[in-house]
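The structure appears below as structure tokens.
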């Protein structure tokens, strides 16, 4: 007999199971419809960009005015960075917070100047070298009395000492798979795309974040303001930046070399995305003296080929040669 439970034994219907399957089917349908709608919207946007410029490309989204509050921290202000929560008093004294930083200019008497976000970045950079000037926005959220440093992704494209956070590598393969799927979608229009990979110490979760950006055939540039990004990634650790070269090789361009210069940051490029097995290059920027070091993708991503099938090994005969 093939009876497996009391419901089937007496020809009864498990209503809770039926309802659960119904809800799962509805959720799957909604997800598929949402994805189809998004793809259709993107196709229309790509076609519109083609007509406007005569070449494949996405029209640039309007840059938003920053919603960041004026930088006015106090002794209760906290900073969230690299999964850590710290007090601003770790970088400024109560006197500096109340009266400003004592600044000495050439041939002038020292005077107090109000604290600025740049002053905080400079102080933090001594402990966190990755907070490089012109690569970092210090977002102050007044309601939360919170500062979130956001490491900005610079423009990158193709040509036509800080260790990795080892405890957070390798990154699950499904995250890489998500990016390749995204890159492959834009590859049909010969467009590059950028994304960032974050890790949450609270939920032990890896997240692929795709910020608003301007994309072209040979370059991509993030246009989303730091305030918006900070509200999304608060409390997350930025592990790497990744972008695509669609049908081209994943070789770093001069633009990539000049923009991928945050100490300790891992960078990856996915090229030949339309092939069954796309090609990937990865590297890490150490510092201005050493520059980049090459990494193997297996050092930063889980392999999809690590599950051995079950088979009878006794039937395998090893033949020695030589």
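Residue numbers (this note's numbering): 21 to 342.
We put the beta carbon where it would ideally sit given N, CA and C, even for glycine.
Inset, instruction - Would you check if there are 3 or more beta carbon pairs closer than 8 Å linking the region 247 to 259 to the region 201 to 220? - result: Touching, per the Cβ criterion.
Legend entry - Best match in 309, 92, 134 for proximity to residue 282 [C-alpha to C-alpha]: Translated into positions along the chain shown, residue 282 becomes position 262. Comparing Cα positions, the closest option is 309.
Legend entry - CB contact flag (residue 161, residue 141, <8 Å): Residue mapping note: residue 161 aligns to position 141 of the chain shown, counting from 1. Residue mapping note: residue 141 aligns to position 121 of the chain shown, counting from 1. The beta carbons of residue 161 and residue 141 sit no closer together than 8 Å.
Legend entry - Pick from 321, 316, 176 that is closest to residue 242, judged by C-alpha positions: Numbered from its first residue, the chain shown carries residue 242 at position 222. Considering only alpha carbons, the answer is 176.
Legend entry - Nearest neighbour of residue 292, chosen from 271, 304, 285 [CA to CA]: To locate residue 292, count along the chain shown from 1; it is residue 272. Considering only alpha carbons, the answer is 271.
Legend entry - Collapsed DSSP secondary structure at residue 127 in the structure displayed: Residue mapping note: residue 127 aligns to position 107 of the chain shown, counting from 1. It is coil, neither helix nor strand.
Legend entry - Cβ-based burial, residue 300 [other Cβ within 10 Å; buried from 16]: Taking the chain shown and counting its residues from 1, one reaches residue 300 at position 280. Under this definition residue 300 is a buried residue.
Inset, instruction - Return helix, strand or coil for residue 307, following the three-state DSSP convention. - result: Here the question's residue 307 lines up with position 287 in the chain shown. Strand at residue 307.
Legend entry - Neighbourhood of residue 324 by C-beta distance below 6 Å, restricted to the same chain and skipping five residues each side: Stepping through the chain shown from its first residue, residue 324 is reached at position 304. Excluding positions up to five away in sequence, the list reads 193.
Inset, instruction - Just mark residue 303 as buried or exposed, buried being the case when its beta carbon has 16 or more other beta carbons within 10 Å. - result: Counting from 1 along the chain shown, the entry for residue 303 is found at position 283. That one is buried.
Legend entry - Same chain, Cβ closer than 8 Å to residue 86, neighbours up to 5 away in sequence not counted: Residue 86 sits at position 66 when you count from the first residue of the chain shown. Confidence in residue 86 is poor, its pLDDT being 49 and thus under 50, which makes the residue's placement too unreliable to answer from.
Inset, instruction - Would you list the one or two residues that DSSP bridges to residue 160? - result: Within the chain shown, the letter at position 140 stands for residue 160. 167, per the DSSP bridge assignment.
Inset, instruction - With a 10 Å radius around its C-beta and 16 neighbouring C-beta atoms as the bar for buried, classify residue 259 as buried or exposed. - result: Walking along the chain shown from the start, residue 259 turns up at place 239. So residue 259 counts as buried.
Legend entry - C-beta contact flag for residue 207 and residue 294 at 8 Å: What you label residue 207 is simply residue 187 of the chain shown in a count that begins at 1. What you label residue 294 is simply residue 274 of the chain shown in a count that begins at 1. In contact: residue 207 and residue 294 (Cβ atoms closer than 8 Å).
Inset, instruction - Measure the alpha-carbon distance for residue 198 versus residue 118 and round it to whole angstroms. - result: Here residue 198 refers to the residue found at position 178 when the chain shown is read from its first residue. Here residue 118 refers to the residue found at position 98 when the chain shown is read from its first residue. The alpha-carbon atoms of residue 198 and residue 118 are separated by roughly 47 Å.
Inset, instruction - Enumerate in chain order the residues of its own chain whose CB-to-CB distance from residue 228 is below 7 Å, with the five nearest sequence positions on each side excluded. - result: Looking up residue 228 in the chain shown gives position 208. 195, 198, 199, 215, 217, listed in sequence order.
Inset, instruction - Assign residue 340 to one of three DSSP states: helix, strand, or coil. - result: As a first step, residue 340 is located in the chain shown; it is residue number 320 there, counting from the start. DSSP places residue 340 in coil when its eight states are reduced to three.
Inset, instruction - Taking residue 235 as part of the beta strand (DSSP E), name the residues at either end of that continuous run. - result: On the chain shown, residue 235 is found 215 positions in, with the first residue counted as 1. Annotation for residue 235: the continuous beta strand (DSSP E) segment containing it runs 233 to 235.
Legend entry - Cross-strand partners of residue 299 (DSSP beta bridge): Residue mapping note: residue 299 aligns to position 279 of the chain shown, counting from 1. Note: residue 299 sits in a beta bridge opposite 291.
Inset, instruction - Keeping to the same chain, check which residues put their C-beta closer than 8 Å to that of residue 239; ignore five residues upstream and five downstream. - result: Start at 1 with the first residue of the chain shown, and residue 239 comes out as number 219. For residue 239, the CB contacts under 8 Å within the same chain, skipping 5 residues up- and downstream, are 175, 176, 177, 178, 212, 275 in chain order.
Legend entry - Identity of the residue in 257, 312, 265, 298 nearest residue 278 by Cα: Along the chain shown, read from residue 1 onward, the residue named residue 278 stands at position 258. Closest in alpha carbon position to residue 278, among 257, 312, 265, 298, is 312.
Inset, instruction - Round the Cβ separation of residue 232 and residue 290 to the nearest angstrom and send it over; I've been treating them as touching at under 8 Å. - result: If you number the chain shown from 1, residue 232 lands on position 212. If you number the chain shown from 1, residue 290 lands on position 270. About 20 Å separates the two Cβ atoms, so there is no contact after all.
Inset, instruction - Inspect the beta-carbon positions of residue 257 and residue 341 and report whether they are closer than 8 Å. - result: By one-based count along the chain shown, residue 257 stands at place 237. By one-based count along the chain shown, residue 341 stands at place 321. Remark: C-beta atoms of residue 257 and residue 341 do not approach each other more closely than 8 Å.
Legend entry - One or two residues paired with residue 240 in a DSSP bridge: As a working note, residue 240 is residue 220 in the chain shown. Residue pairing from DSSP places residue 240 in a beta bridge opposite 176, 235.
Legend entry - Cβ-based burial, residue 296 [other Cβ within 10 Å; buried from 16]: Reading the chain shown from its first residue, position 276 is the one you call residue 296. If you draw a 10 Å sphere on the C-beta of residue 296, you find fewer than 16 other C-beta atoms in it, and that means exposed.
Inset, instruction - Determine the DSSP secondary structure at residue 312, reduced to helix, strand or coil. - result: The residue you call residue 312 lines up with position 292 of the chain shown. Note: residue 312 maps to strand in three-state DSSP.
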